[in-house]
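Q:
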Amino acid sequence: MTSIQDLHQQLINKERSAVEITTEVLNRIEKFEPKVQSFLMITGDQALAQAKTVDEKIARGENIGLLEGIPIAIKDNMCTKGIRTTCGSRILENFVPSYESTVTQKLKDAGAIIVGKTNMDEFAMGSSTENSGYHTTNNPWDITRVPGGSSGGSAAAVASGECVVALGSDTGGSIRQPASLCGVVGLKPTYGLVSRFGLVAYASSLDQIGPFGRSVEDTAILLQAIAGYDPKDSTSLNVPIPNYLQSLHPNFHTRSKLKIGIIQETFGQGLDNEVKESVEKAIEVLQDLGAEVQVISCPRFGYGLPAYYIIAPSEASANLARYDGVKYGIRNEESANLLEMYTKTRAKGFGTEVKRRIMLGTYALSAGYYDAYYLKAQKVRTLIKEDFESAFAKVDLLICPTSPTTAFKTGEKTEDPLNMYLSDLTTIPVNLAGLPALSIPCGFDRQNLPIGMQLIGNVLKEELLLQVAYAYEQATQWHEKRPIL
Ligand code: GLN
């Protein structure tokens, strides 16, 4: 599969039609899905109908936008009007939204072709896509391994060319960690940059929608299409959106010397040696490109994980209270009374991890425990934010590994939730502080599994993140390597 810009050129030069491009992608889906299983739903007919509209527009001699006719996949926690949206959960197996999420509306308006809804950990809770209520997704680089999660379906679909770009959501790392494990680019925007209207809520003070691409350029194009103020989302930021694509340049295009800080605390215990070496080599490349590098300490970074596992489940326990068999999804009909109907529906509809989080969150928020757990976790969150603030007083960007390991074997961590939670050690603090961050391929281990590095920016510094990632990408070849399926 080629880049968005190349496909766009082919379309306007009439070398290929949108129907041909979409058909090629649908054929790849048919060929690779038995191995990878990225999708929960494939919307082939609608996609071809949309593609036909684009072709008609081209035939009429009208101008088309960059995303017009480009096949895209959407994580199944974004509402698509008339198309089933399950959030990876059995409790929503029959839920067909009556409205469109802002991001999918924007993509439709831009002429992008939605080819399907991708698999995910149930309600976005997980780091491997093994918590899906439907099936697991396999890593395209080695199908005995996980693609990461919770947006594992989107990351695997992009990596295997079952779409050109995809949307994911990131509450504690769910875009960046699967991007890293699948060898693609994934960006979690600043909290509030992308509207969450129509995103099924997990932990509302942390959730963000963001793009996946096989290159920084494709990622920038998709971010451009979805970013911006939305009056339907009360947390949406009303700020000007830069032209991300125009700012990409093979050299750092900054006025003064770019300063990058290596987060000391992320290079310690638990970090795989090959990951460490690859990220260190990437730092050397950035230095050769002219960046000034220094080691930065974020002493409270390590408390991100425990604080997150109080805050996220607490918010989830409140958000998931709406699935009671009355308003959405499935209902247990064999109940003697209302309370029994609630409990039986929830017992049947939710999976193990979701139940664990609801219990954790309900406990942490219960009378007498609020101050001891939730309030304390929020205070820790402020301290983590302060660490980032003092870091950004010294440097422009921070760098660290995205994930401490490469893709692990399916089933390896399912019996050990705490070990699974550690997958997001370096991504979670970013969500707690509401910052933007991006994962970009920076090497492969001896088993030919991709390694990713994370670049973290200050609030609304997406443009700088993309610029630096682009310069790095142009100086290296990692993004050219594709999995053999
Ligand atoms: N793995 C983390 C969790 O399980 C993060 C998930 C996410 O970002 N949605 O909560």
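Position in the sequence shown counted from 1, then plus 91, gives you the numbering used here.
Glycine residues also receive a C-beta, built at the ideal position from the N, C-alpha and C atoms.
Going by beta carbon distance, what residues of the same chain come within less than 8 Å of His340, once the five residues before and after it are set aside?
A: Within the same chain, His340 has close Cβ partners Gln558, Tyr561 and Ala562.
Q: Between which two residues does the alpha helix (DSSP H) containing Cys273 stretch?
A: Counting along the chain, the alpha helix (DSSP H) containing Cys273 begins and ends at Arg267 to Cys273.
Q: Pull the bridge partners of Met544 from the DSSP assignment, please.
A: Met544 is bridged to Pro492 and Ile531.
Q: Between Ser408 and the rest of its own chain, which residues show a CB-CB distance below 6 Å, the 5 nearest in sequence each way excluded?
A: Excluding residues within five positions, the ones whose Cβ falls inside 6 Å are Ile449, Gly452 and Thr453.
Q: According to DSSP, Phe499 sits in a beta bridge with which residue or residues?
A: None, per the DSSP bridge assignment.
Q: Over what stretch of residues does the beta strand (DSSP E) that includes Leu258 continue unbroken?
A: From DSSP, the beta strand (DSSP E) with Leu258 extends over Val256 to Asp261.
Q: Mapping the DSSP letters down to three states, classify His128 as helix, strand or coil.
A: The sequence given here has Gln at residue 128, not His. In the structure shown, Gln128 sits in coil (DSSP, three-state: anything other than H, G, I, E or B).
Q: Let me check you understand the geometry: is the CB of Ser245 closer than 6 Å to at least one non-hydrogen atom of ligand 1?
A: No, Cβ of Ser245 sits at least 6 Å from all heavy atoms of ligand 1.
Q: So, is Gly459 buried or exposed, given that buried needs 16 or more other C-beta atoms within 10 angstroms?
A: By the 10 Å Cβ count, Gly459 comes out exposed.
Q: Can you check whether the CB of Ile519 is closer than 7 Å to the CB of Gly395?
A: Result yes, Cβ atoms of Gly395 and Ile519 sit closer than 7 Å.
Q: Count the other CB atoms, across all protein chains shown, that sit within 10 Å of the CB of Asn210; report buried if there are 16 or more and exposed otherwise.
A: By the neighbour-count rule (16 or more Cβ atoms within 10 Å), Asn210 is buried.
Q: On the CB-based measure, 16 or more other CB atoms within 10 Å of its CB, does Leu430 come out buried or exposed?
A: Per the 10 Å Cβ criterion, exposed.
Q: Run through DSSP, which three-state label would Asn230 get?
A: If DSSP states are grouped into helix, strand and coil, Asn230 belongs with the strands.
Q: Which one or two residues does DSSP pair with Val386 in a beta bridge?
A: Note: Val386 sits in a beta bridge opposite Ile353.
Q: Taking the C-alpha atoms as reference points, what is the distance between Ser271 and Ile542?
A: Using only the alpha carbons, I get a separation of about 6 Å.
Q: Determine the DSSP secondary structure at Arg573, reduced to helix, strand or coil.
A: Reduced to three states, the DSSP call for Arg573 is coil.
Q: May I ask you to verify whether the region 435 to 446 touches the region 416 to 423, counting CB pairs closer than 8 Å and requiring at least 3?
A: The region 435 to 446 vs the region 416 to 423: in contact.
Q: Quick check on Gly264: does DSSP put it in helix, strand or coil?
A: Coil at Gly264, not helix or strand.
Q: Taking 7 Å as the cut-off, decide whether the C-beta atoms of Ile161 and Ile234 are in contact.
A: The answer is no: Cβ separation not under 7 Å.
Q: What are the boundary residues of the alpha helix (DSSP H) that includes Gly243?
A: Here the alpha helix (DSSP H) through Gly243 covers Gly243 to Ala250.
Q: Nearer than 6 Å: is that true of the beta carbon of Thr262 relative to any heavy atom of ligand 1?
A: Yes, since a heavy atom of ligand 1 falls inside the 6 Å radius drawn around the Cβ of Thr262.
Q: Do you know whose CA, among Ser218, Tyr512 and Pro527, lies nearest Gly548's CA?
A: When each option's Cα is compared against that of Gly548, the closest is Pro527.
Q: So the alpha helix (DSSP H) Gly283 belongs to, where does it begin and stop?
A: Premise fails: Gly283 is in no alpha helix (DSSP H) and is neither H nor E.
Q: Give the C-beta separation of Ile165 and Leu98 to the nearest angstrom, bearing in mind that I take them to be a contact with Cβ-Cβ under 8 Å.
A: Between Leu98 and Ile165 the Cβ distance is about 18 Å, and since that is not below 8 Å, they are no contact.
Q: Rounded to whole angstroms, what is the Cα-Cα separation between Pro317 and Tyr465?
A: A small fix is needed here, since residue 317 is Ile in this sequence, not Pro. Each residue's Cα considered, the two are about 32 Å apart.
Q: As a quick exercise: from Cys254, Thr195, Gly240 and Ser189, pick the residue whose alpha carbon is nearest that of Glu124.
A: The residue with the shortest Cα to Cα distance from Glu124 is Cys254.
Q: Check the C-beta distance from Gln128 over to Thr228 and give it rounded, since I have them as a contact under 8 Å.
A: Their Cβ separation, rounded to whole angstroms, is 5 Å, which keeps Gln128 and Thr228 in contact under 8 Å.
Q: With H, G and I counted as helix, E and B as strand and the rest as coil, what does DSSP make of Pro162?
A: Residue state, collapsed to three classes: strand.
Q: Report the three-state DSSP secondary structure of Pro302 (helix, strand or coil).
A: Of the three classes helix, strand and coil, the one that applies to Pro302 here is strand, per DSSP.
Q: Going by DSSP, which residues form a beta bridge with Val276?
A: In the DSSP output, where bridge partners are listed per residue, Val276 has Gly304.
Q: Give me, in chain order, the residues of the same chain whose beta-carbon lies closer than 7 Å to that of Lys126; leave out the 5 immediate sequence neighbours on both sides.
A: These residues qualify, in order along the chain: Asn229, Ile234 and Leu576.
Q: Any heavy atom of ligand 3 closer than 6 Å to the CB of Met544?
A: Ligands present in the displayed structure are limited to ligand 1, and ligand 3 is not among them.
Q: Please report the residue range of the beta strand (DSSP E) in which Gly179 lies.
A: Taken as a continuous stretch (DSSP letters only), Gly179 belongs to no beta strand (DSSP E), as it is neither H nor E.
Q: With DSSP run on the structure shown, which of helix, strand or coil describes Leu430?
A: Correct three-state label for Leu430: helix.
Q: Only counting the same chain, and skipping five residues up and downstream in sequence, which positions put a Cβ closer than 6 Å to that of Tyr293?
A: Cβ neighbours of Tyr293 beyond the five flanking positions: Phe214, Ala215, Thr262 and Ala407.
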